[in-house]
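*Asks:*
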Amino acid sequence: MTATWLNQVFCEDALAGLARIPDGAIDLILTDPPYNLGKDYGNGSDQQTVDDYLQWTEQWIDAALPKLKPNGSLYIFLTWRFSPEIFVMLKKRMMMMNEIIWDRRVPSMGGSVRSYSSVHDTIGFFVRRKDYYFDLDAVRIPYDAETKKARTRSIFVGAKWLEVGYNPKDLWSVSRLHREHPERADHPTQKPLEIIERMVKASCPPDGVVLDLFMGSGTTAIAAKRTGRHYVGFELNPEYCAIINERLALPEIPAPPKKPKKPRNSITS
Ligand SMILES: C[S@@+](CC[C@H](N)C(=O)[O-])C[C@H]1O[C@@H](n2cnc3c(N)ncnc32)[C@H](O)[C@@H]1O
3 MTATWLNQVF CEDALAGLAR IPDGAIDLIL TDPPYNLGKD YGNGSDQQTV DDYLQWTEQW
63 IDAALPKLKP NGSLYIFLTW RFSPEIFVML KKRMMMMNEI IWDRRVPSMG GSVRSYSSVH
123 DTIGFFVRRK DYYFDLDAVR IPYDAETKKA RTRSIFVGAK WLEVGYNPKD LWSVSRLHRE
183 HPERADHPTQ KPLEIIERMV KASCPPDGVV LDLFMGSGTT AIAAKRTGRH YVGFELNPEY
243 CAIINERLAL PEIPAPPKKP KKPRNSITS
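Position 179 of the sequence shown, counted from 1, bears residue number 181 in the numbering used here, the numbering being contiguous throughout.
1) With respect to 7 Å, is the separation between the Cβ of M217 and the closest non-hydrogen atom of ligand 1 below this value?
2) Can you tell me whether Q10 is helix, strand or coil according to DSSP?
3) Any heavy atom of ligand 1 closer than 7 Å to the CB of K193?
4) Within the present structure, is the beta-carbon of S117 separated from the nearest heavy atom of ligand 1 by less than 7 Å?
5) Over what stretch of residues does the beta strand (DSSP E) that includes M91 continue unbroken?
6) Can you pull the DSSP bridge partners for S75?
7) Less than 6 Å between C-beta atoms, sequence neighbours within five positions excluded: which residues of the same chain meet that for R153?
8) Is the CB-CB distance between T222 and L70 below 8 Å?
9) Distance check for V11 and G126, CA to CA, integer angstroms please.
10) Indicate the three-state DSSP secondary structure (helix, strand or coil) for W82 in the structure shown.
11) DSSP beta-bridge partners for E148?
12) What is the C-beta distance between M96 and F136, in whole angstroms, given that I count them as a contact (C-beta under 8 Å)?
13) Run the CB neighbour count on D34, radius 10 Å, all protein chains shown included, and call it buried at 16 or more, exposed below.
14) In angstroms, rounded to a whole number, what distance separates the CA positions of R231 and D209?
15) Nearest CA to the CA of T191: which residue from S219, R142, W174, F158?
16) Excluding the 5 residues preceding and the 5 following M217 in the sequence, name in chain order all residues of the same chain whose CB lies nearer than 7 Å to its CB.
17) Hey, would you say R106 sits closer than 8 Å to D133, going by beta carbons?
18) Kindly indicate the opening and closing residues of the beta strand (DSSP E) around N273.
19) Are at least three pairs of beta-carbons, each pair with one atom in the stretch 167-178 and one in the stretch 143-152, less than 8 Å apart?
20) Given a threshold of 16 other Cβ atoms within 10 Å of its Cβ, counted over all protein chains shown, does H180 qualify as buried or as exposed?
21) DSSP beta-bridge partners for L213?
22) Report all residues from its chain with a CB closer than 8 Å to the CB of R266; omit the five preceding and five following residues, and keep chain order.
23) Apart from the five residues on each side of it in sequence, which residues of its chain come closer than 6 Å, Cβ to Cβ, to R200?
Quick look at the structure:
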């Protein structure tokens, strides 16, 4: 029998909703919480005092971690504002494997005048123990035709590394979603499927379950569906819940952009 909570996005507070999920049922927690930068999600979640925000963060972390399987992983999107504090919280509970920098490919126009313009998000990758699930082959990056051509000498022919592609690095250059992008929904901080799908493929086995406590426009659910994984999650704002349902009902979810020859808008590292 399929669990009643599986492949559902509940339009409710994540802290309350987590009680629906049994402990040890989740392969991957992939979550993009409010960054507390003052954005309006219609619920004040991004406009808390620093103390309240950090206390609330610790509360949901402690409620969510027991849901993970022992070989499970967690990815969390943050910015430099609170990643130091939140990474310390997580490091007391898990092993930190990476700090991934998402370069949003912001064009060089104007920006901050009394400091450097911030153009990246910070993503923490954490695991519970050393034998965590990680499928490197699912996320290798193919060498481009130019590199392959440059390696045509006999010593390179049949070289496995040239055929299988290279291991992703911790700097990911992917354009944020612009208004005209086919994937774009009406949510102020929607993340690109290209990024979320990479995390799902690497860190959740096929048929496994991904949990996102803060679904927004539902990108994690869609990435899970597109890659043959299950999902569960929560979203407080009913307007965003409607967007999630619309996106999930689409027969074809627009694919992430194909890589151009000289990558500008896609993962390059
Ligand atoms: C950064 S956005 C997530 C964006 C998402 N990754 C996407 O691609 O669309 C965070 C979301 O968390 C929601 N949220 C805030 N507090 C919440 C809570 N206690 N429970 C569930 N959702 C919450 C907000 O309404 C907002 O849509």
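Just so you know, even glycine gets a beta-carbon here, dropped at the ideal spot from N, CA and C. Computed from a prediction, not measured in an experiment: that's the story for all the values here.
*Replies:* The short version:
1) Within the sequence shown, numbered from 1, the residue matching residue 217 stands at position 215. Yes, the beta carbon of M217 sits closer than 7 Å to at least one heavy atom of ligand 1.
2) Sequence index remark: in the sequence shown, residue 10 carries index 8 (1-based). Q10: strand per DSSP, three-state reduction.
3) In the sequence shown, counting from the first residue as 1, residue 193 sits at position 191. For ligand 1, at least one heavy atom lies less than 7 Å from the Cβ of K193.
4) Within the sequence shown, residue 117 is the residue found at index 115, counting from 1. Result no, Cβ not under 7 Å from ligand 1.
5) The residue given as residue 91 occupies position 89 in the sequence shown. That residue, M91, is in no beta strand (DSSP E); its alpha helix (DSSP H) goes 85-93.
6) Position 73 of the sequence shown holds residue 75. Per DSSP, L30, V129.
7) Position 151 of the sequence shown, counted from the start, is the residue given in the question as residue 153. L164, listed in sequence order.
8) As a working note, residue 222 is residue 220 in the sequence shown. As a working note, residue 70 is residue 68 in the sequence shown. Not in contact: T222 and L70 (Cβ atoms no closer than 8 Å).
9) Start at 1 with the first residue of the sequence shown, and residue 126 comes out as number 124. Start at 1 with the first residue of the sequence shown, and residue 11 comes out as number 9. Using only the alpha carbons, I get a separation of about 23 Å.
10) For the purposes of this step, residue 82 is taken as the residue at position 80 of the sequence shown. It is coil, neither helix nor strand.
11) Within the sequence shown, the letter at position 146 stands for residue 148. Bridge partners of E148: none, in fact.
12) Locating residue 96 in the sequence shown gives position 94, where the first residue counts as 1. Locating residue 136 in the sequence shown gives position 134, where the first residue counts as 1. Not really, about 14 Å apart at Cβ, beyond 8 Å.
13) Here residue 34 refers to the residue found at position 32 when the sequence shown is read from its first residue. Buried, since its Cβ has 16 or more Cβ neighbours within 10 Å.
14) Taking the sequence shown and counting its residues from 1, one reaches residue 231 at position 229. Taking the sequence shown and counting its residues from 1, one reaches residue 209 at position 207. Cα to Cα, the separation comes out at about 5 Å.
15) Counted from its first residue, the sequence shown places residue 191 at position 189. Per the Cα distances, S219.
16) The residue given as residue 217 occupies position 215 in the sequence shown. Excluding residues within five positions, the ones whose Cβ falls inside 7 Å are V11, A223, G235, F236, E237, I246.
17) On the sequence shown, position 104 is the one that residue 106 refers to. On the sequence shown, position 131 is the one that residue 133 refers to. No, they are not a contact pair.
18) Given that the chain is displayed from residue 3 to residue 271, the structure contains no residue 273 and the question cannot be resolved.
19) yes
20) Numbered from its first residue, the sequence shown carries residue 180 at position 178. When all chains shown are included, H180 counts as exposed.
21) Here residue 213 refers to the residue found at position 211 when the sequence shown is read from its first residue. The bridge partners DSSP lists for L213 are I31, V234.
22) The residue labelled residue 266 in the question sits at position 264 within the sequence shown. Because the pLDDT of R266 is 43, which lies under 50, any placement of that residue in the model is unreliable, and the question is left without a value.
23) One-based indexing of the sequence shown puts residue 200 at position 198. Answer for R200: V141, listed in chain order.
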